[in-house]
């Protein structure tokens, strides 16, 4: 059997399911995909925590400042994970796709796509955690410059978050203002 025939048969079989059940099933898959974004904040926060421990071991007198920078930076690094969680929760508990009119296959694919797009949050989570780690390291070395270091760290983290925000926008568009439905 060739691949095109298999795809047609699969899609035909898929369309035998209840419309709402198919969209909800795709939403569950999308919610699971969205949470893959949590990898980035986990890696980033782990890096920041490791740099915090390193900074404290090098300069125990600066432990308060280094710990504060690490905690602030790690909190910012969590934002892409939080955005992904919001998308997953919308798909699971406030799913607007279920009541939208349009081709069921497009709506189901949009639910999966909304979750998949949030995987882009891996990059910001790692990048922001790296910035937090380096900020913590710098504060441990020179605690008198903590405010300058934190300012630079936050600025870098804000720029690093842009791809996570782009992913959130695409997810929200797919769920609430889906332009694909109008193209049919």
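In UniProt numbering, the protein residues as written are 1 to 184. For every residue, glycine included, the Cβ atom is placed at its ideal position computed from N, Cα and C.
Do residue 26 and residue 108 have their C-beta atoms within less than 8 Å of each other?
Within the chain shown, the letter at position 26 stands for residue 26. Within the chain shown, the letter at position 108 stands for residue 108. Yes.
What residue ranges within the UniProt domain "V-ATPase proteolipid subunit C-like" (29–91) form continuous alpha helix (DSSP H) runs of no fewer than 4 residues, ordered along the chain?
39–58 and 63–77
When the Cα atoms are used, what is the spatial distance from residue 145 to residue 174?
Translated into positions along the chain shown, residue 145 becomes position 145. Translated into positions along the chain shown, residue 174 becomes position 174. About 44 Å.
Please list, in chain order, all residues of the same chain as residue 133 whose beta carbon is under 6 Å from its beta carbon, the five residues on each side excluded.
Your numbering for residue 133 matches position 133 in the chain shown. Contacts found: 47, 48 and 51.
Tell me which residues share the same chain as residue 62 and place their Cβ nearer than 6 Å to its Cβ, disregarding the 5 neighbours each side in the sequence.
Along the chain shown, read from residue 1 onward, the residue named residue 62 stands at position 62. Correct list, in chain order: 140 and 143.
Comparing C-alpha positions only, which one of 136, 166, 171 and 170 sits nearest to residue 154?
Start at 1 with the first residue of the chain shown, and residue 154 comes out as number 154. Selected option, being the one with the closest Cα: 136.
Given a cut-off of 8 Å, decide if residue 96 and residue 10 are closer than it, judged by their beta-carbon atoms.
Position 10 of the chain shown, counted from the first residue, corresponds to residue 10. Position 96 of the chain shown, counted from the first residue, corresponds to residue 96. Against a cut-off of 8 Å, the Cβ pair of residue 96 and residue 10 comes out as no contact.
Please work out which residues of its chain come closer than 6 Å, Cβ to Cβ, to residue 14, disregarding the five sequence neighbours upstream and downstream, and give them in chain order.
Numbered from its first residue, the chain shown carries residue 14 at position 14. Closer than 6 Å at the Cβ level, and outside the excluded window around residue 14, lies no residue.
Among the candidates 168, 100, 76 and 30, whose CA atom is the shortest distance from the CA of residue 131?
Counted from its first residue, the chain shown places residue 131 at position 131. Residue 131 has its Cα closest to that of 76, out of 168, 100, 76 and 30.
With distance defined between alpha-carbon atoms, name the residue in 85, 100 and 72 nearest to residue 44.
As a first step, residue 44 is located in the chain shown; it is residue number 44 there, counting from the start. Nearest option by C-alpha distance: 72.
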